[in-house]
Amino acid sequence: MLLGIDPGRDKIGWALTDDNGVLLISGIVKKQDLPLFLESLLKREWALLTPWIRENRKNYFNPDTDLRVVVGNGTTCQEILSFLEGQGIYAEIVEERGSTLEARKVFWSLHPPKGLWKLFPDSLRTPNRDIDDLAALVIVRRYITLEARE
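This is how it looks when you write it as C-alpha coordinates:
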(Lines of atoms letter the chains of each structure in order from A and count residues from 1; the text may use other names and numbers.)
(Lines give C-alpha, C1' and ligand atoms only; values in the text may rest on other atoms or scores of the structure.)
Protein backbone atom coordinates (compact mmCIF):
# COMPACT_ATOMS: atom_id res chain seq x y z
CA MET A 1 0.00 0.00 0.00
CA LEU A 2 1.25 3.50 -0.81
CA LEU A 3 0.54 6.76 0.98
CA GLY A 4 0.98 9.85 -1.17
CA ILE A 5 1.34 13.23 0.49
CA ASP A 6 0.89 16.59 -1.25
CA PRO A 7 2.35 19.08 1.24
CA GLY A 8 0.97 22.59 1.43
CA ARG A 9 1.18 25.59 3.73
CA ASP A 10 -2.18 25.16 5.44
CA LYS A 11 -3.49 21.78 4.29
CA ILE A 12 -2.03 18.49 3.19
CA GLY A 13 -3.55 16.19 0.62
CA TRP A 14 -3.16 12.45 1.14
CA ALA A 15 -4.08 9.36 -0.84
CA LEU A 16 -3.85 5.67 0.01
CA THR A 17 -3.51 3.39 -2.99
CA ASP A 18 -2.77 -0.22 -3.68
CA ASP A 19 0.63 -1.09 -5.18
CA ASN A 20 -0.72 -0.42 -8.68
CA GLY A 21 -1.87 3.12 -7.88
CA VAL A 22 -5.57 2.30 -7.62
CA LEU A 23 -7.19 4.78 -5.24
CA LEU A 24 -8.46 3.28 -1.99
CA ILE A 25 -9.18 6.37 0.09
CA SER A 26 -7.99 9.95 0.05
CA GLY A 27 -8.54 13.18 1.87
CA ILE A 28 -7.25 16.49 3.07
CA VAL A 29 -5.94 17.22 6.55
CA LYS A 30 -5.17 20.60 8.10
CA LYS A 31 -1.49 20.96 8.81
CA GLN A 32 -2.05 21.21 12.56
CA ASP A 33 -3.96 17.89 12.48
CA LEU A 34 -1.15 16.01 10.73
CA PRO A 35 0.24 14.34 13.90
CA LEU A 36 -3.19 12.97 14.87
CA PHE A 37 -3.87 11.88 11.28
CA LEU A 38 -0.56 10.03 10.95
CA GLU A 39 -0.94 8.43 14.37
CA SER A 40 -4.39 7.13 13.38
CA LEU A 41 -3.08 5.91 10.04
CA LEU A 42 0.00 4.17 11.44
CA LYS A 43 -2.07 2.44 14.13
CA ARG A 44 -4.49 1.36 11.36
CA GLU A 45 -7.39 3.02 13.20
CA TRP A 46 -9.36 3.54 9.99
CA ALA A 47 -12.51 4.87 11.67
CA LEU A 48 -10.54 7.84 13.03
CA LEU A 49 -9.66 8.92 9.47
CA THR A 50 -13.32 9.61 8.63
CA PRO A 51 -13.23 13.40 9.25
CA TRP A 52 -10.51 13.81 6.62
CA ILE A 53 -11.78 11.47 3.89
CA ARG A 54 -12.87 13.01 0.57
CA GLU A 55 -12.83 9.93 -1.69
CA ASN A 56 -13.56 6.35 -0.66
CA ARG A 57 -13.21 4.07 -3.66
CA LYS A 58 -12.79 0.69 -2.00
CA ASN A 59 -14.93 -0.68 0.79
CA TYR A 60 -12.26 -3.22 1.66
CA PHE A 61 -8.52 -3.16 1.54
CA ASN A 62 -5.91 -5.15 3.38
CA PRO A 63 -4.88 -3.06 6.38
CA ASP A 64 -1.97 -5.38 7.17
CA THR A 65 -0.06 -4.53 4.01
CA ASP A 66 3.24 -2.69 4.40
CA LEU A 67 2.92 1.06 3.94
CA ARG A 68 5.32 3.03 1.73
CA VAL A 69 5.22 6.83 1.86
CA VAL A 70 5.75 9.19 -1.08
CA VAL A 71 5.94 12.97 -0.61
CA GLY A 72 5.72 15.66 -3.28
CA ASN A 73 8.66 18.08 -3.29
CA GLY A 74 6.45 21.15 -2.91
CA THR A 75 5.89 23.99 -0.50
CA THR A 76 6.56 22.38 2.88
CA CYS A 77 8.22 19.14 1.79
CA GLN A 78 11.19 19.39 4.17
CA GLU A 79 8.95 20.13 7.12
CA ILE A 80 6.82 17.06 6.36
CA LEU A 81 9.91 14.88 5.84
CA SER A 82 11.37 16.01 9.18
CA PHE A 83 8.10 15.21 10.92
CA LEU A 84 7.94 11.76 9.30
CA GLU A 85 11.56 11.01 10.19
CA GLY A 86 10.76 11.95 13.79
CA GLN A 87 8.09 9.24 13.69
CA GLY A 88 10.57 6.73 12.22
CA ILE A 89 8.97 6.85 8.77
CA TYR A 90 11.13 6.92 5.65
CA ALA A 91 9.60 8.65 2.63
CA GLU A 92 10.47 8.88 -1.05
CA ILE A 93 10.41 12.32 -2.69
CA VAL A 94 8.71 12.86 -6.06
CA GLU A 95 8.49 15.90 -8.35
CA GLU A 96 5.08 17.47 -7.92
CA ARG A 97 5.18 20.19 -10.57
CA GLY A 98 1.90 20.15 -12.50
CA SER A 99 0.23 17.70 -10.13
CA THR A 100 -2.72 20.01 -9.45
CA LEU A 101 -3.57 20.23 -13.16
CA GLU A 102 -3.37 16.46 -13.42
CA ALA A 103 -5.52 16.19 -10.29
CA ARG A 104 -8.27 18.17 -12.03
CA LYS A 105 -8.32 15.54 -14.78
CA VAL A 106 -8.48 12.80 -12.15
CA PHE A 107 -11.37 14.61 -10.45
CA TRP A 108 -13.37 14.71 -13.68
CA SER A 109 -12.65 11.04 -14.36
CA LEU A 110 -13.97 10.15 -10.88
CA HIS A 111 -16.88 12.60 -11.07
CA PRO A 112 -17.91 12.99 -14.73
CA PRO A 113 -19.80 16.21 -15.42
CA LYS A 114 -23.55 16.00 -15.91
CA GLY A 115 -26.04 17.91 -18.01
CA LEU A 116 -24.78 20.92 -19.90
CA TRP A 117 -21.45 20.76 -18.09
CA LYS A 118 -20.53 17.85 -20.36
CA LEU A 119 -20.29 20.33 -23.23
CA PHE A 120 -17.58 22.40 -21.57
CA PRO A 121 -13.92 21.37 -21.84
CA ASP A 122 -12.24 20.29 -18.60
CA SER A 123 -10.13 23.46 -18.62
CA LEU A 124 -13.27 25.60 -18.22
CA ARG A 125 -14.75 23.55 -15.38
CA THR A 126 -13.69 23.97 -11.77
CA PRO A 127 -13.99 21.10 -9.28
CA ASN A 128 -16.49 21.84 -6.52
CA ARG A 129 -13.98 21.03 -3.78
CA ASP A 130 -10.27 21.22 -2.99
CA ILE A 131 -8.34 18.52 -4.84
CA ASP A 132 -5.13 18.31 -2.82
CA ASP A 133 -5.91 14.64 -2.14
CA LEU A 134 -6.06 13.90 -5.85
CA ALA A 135 -2.74 15.71 -6.30
CA ALA A 136 -1.37 13.24 -3.73
CA LEU A 137 -2.78 10.43 -5.89
CA VAL A 138 -0.96 11.87 -8.91
CA ILE A 139 2.27 11.93 -6.85
CA VAL A 140 1.84 8.23 -6.00
CA ARG A 141 1.23 7.34 -9.64
CA ARG A 142 4.34 9.27 -10.70
CA TYR A 143 6.34 7.34 -8.13
CA ILE A 144 5.02 4.03 -9.46
CA THR A 145 5.93 5.07 -13.01
CA LEU A 146 9.46 6.06 -11.94
CA GLU A 147 9.86 2.83 -9.96
CA ALA A 148 8.82 0.78 -13.00
CA ARG A 149 11.50 2.47 -15.14
CA GLU A 150 14.29 1.49 -12.75
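If you want our numbering, it's the 1-based position in the sequence shown plus 10.
Where a beta carbon is used, it is the ideal one built from N, C-alpha and C, also for glycine.
In terms of Cα proximity to Leu12, the closest of Leu34, Ser133, Asp20, Gly18 is Leu34. With fewer than 16 other beta carbons inside 10 angstroms of its own, Ala158 counts as exposed. Just so you know, the alpha carbons of Glu49 and Lys124 end up roughly 39 Å apart. Under the three-state reduction of DSSP output, Gly23 falls in the strand class.
Judged by DSSP in its simplified three-state form, Ile99 adopts coil rather than helix or strand. Non-local C-beta neighbours of Arg151 in its own chain, meaning closer than 6 Å and more than five positions away in sequence, comprise Gly31, ordered along the chain.
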